[in-house]
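Chemist: First to last, the protein sequences are chains A and B. Using our numbering, the first residue of the first sequence is number 11, and each one after it goes up by one. Using our numbering, the first residue of the second sequence is number 1283, and each one after it goes up by one. All C-beta atoms in this analysis are idealised placements derived from N, C-alpha and C, irrespective of residue type, glycine included. Owing to the predicted nature of the structure, the values given are computational and were not obtained by experimental measurement.
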Amino acid sequence: MTLQFDYRRFSLTSPAIALGGALTRDKPVIPVTVIGPTNSYLVWGLLDPGSDDTVFDEDLAELLGIDLDNAPFADLIGVGGSAIRVRYAPVTFRLWSPHERREWSALVGFPEGSRSAAQSLRVAAKQGETHSGWAEGP
Amino acid sequence: MSTTRVQKPLDMAAMMANRAAYPPEQLLPFRDKVIAWDGDGSEILAVADSFKELCAIMDAEGIDASQVSIEWIPNLG
């Protein structure tokens, strides 16, 4: 079975040219519980099939009880072309819909210096799978 | 006189329905902020610049973080 979520509508303060002057944009923002060693939080995250990795802001790691000091890292280059160091640690995800839930573990990235939990939150689709395939969990 | 807010327990179905119905223009003041939604997604309980700050505010105000959903409101222009 496939979990399905509606897009969320966000208002703009200036017209979006690519949308013919619309004053709103719709984004696939979904609620996901992130479970760490000491805490868990239900956050709204952007489901981004173009992301290679799932990332959360660094301060969430501390709140979840994750020690990133000796975590493996990689220097990733984003759209802007500048590199950012990302440290990786395991978390457990719980994805809910009104009718069912799925839970699985994954290695996720925490970019150094990122400040708010959801600001850089990107939930990546698993390689070779579709949106809905990822949403079903392993 | 003081009032005590009764925090609603987490209700995923209500939360998703109420969040979807929340007028997007009412979130404009919260662009680039992190907000905590009440358990049924009908009300904003706390606002901050970062996740860490939001959690500190919730702690200080006695808001049970396990019964809220947390969302960063993007500044999309």
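1. Verify the CB distance criterion: does V1329 (chain B) have a CB-CB separation below 9 angstroms to chain A?
2. Can a CB atom of chain A be found closer than 9 angstroms to the CB of I1355 (chain B)?
3. Quick one: measure Cβ to Cβ for R111 (chain A) and I45 (chain A), integer angstroms, because I've assumed they're closer than 8 angstroms.
4. Give the residues of chain B in contact with F20 (chain A), contact being defined as C-beta atoms less than 8 angstroms apart.
5. Using only the alpha-carbon positions, how far apart do S126 (chain A) and P82 (chain A) sit?
6. Just checking: is the beta-carbon of V1350 (chain B) within a distance shorter than 9 angstroms of some beta-carbon in chain A?
7. Would I1339 (chain B) count as contacting chain A if we go by Cβ distances under 9 angstroms?
8. So who's on the other strand from I1352 (chain B), going by DSSP bridges?
9. Nearest chain B C-beta to S107 (chain A) closer than 9 angstroms, yes or no?
10. Report buried or exposed for I76 (chain A), applying the criterion of at least 16 other Cβ atoms within 10 angstroms of its Cβ.
11. Please classify A71 (chain A): is it buried, with 16 or more other beta-carbons within 10 angstroms of its beta-carbon, or exposed?
12. Residue ranges of each beta strand (DSSP E) run of no fewer than 3 residues wholly in the segment 52 to 100 of chain A, ordered along the chain?
13. With DSSP run on the structure shown, which of helix, strand or coil describes K1334 (chain B)?
14. With respect to the beta strand (DSSP E) encompassing R19 (chain A), which residues constitute its N-terminal and C-terminal limits?
Modeler: So, from the listed chains and residues:
1. no
2. yes
3. Rounded, the Cβ-Cβ distance is 12 angstroms, inconsistent with contact.
4. P1306, L1309, I1355, P1356, L1358
5. Legend: pLDDT at S126 (chain A) = 46, less than 50; position of this residue unreliable, value from coordinates given subsequently. Taking the straight line from one Cα to the other gives about 22 angstroms.
6. yes
7. no
8. A:V53, B:A1318
9. yes
10. buried
11. buried
12. 83 to 87
13. helix
14. 18 to 26
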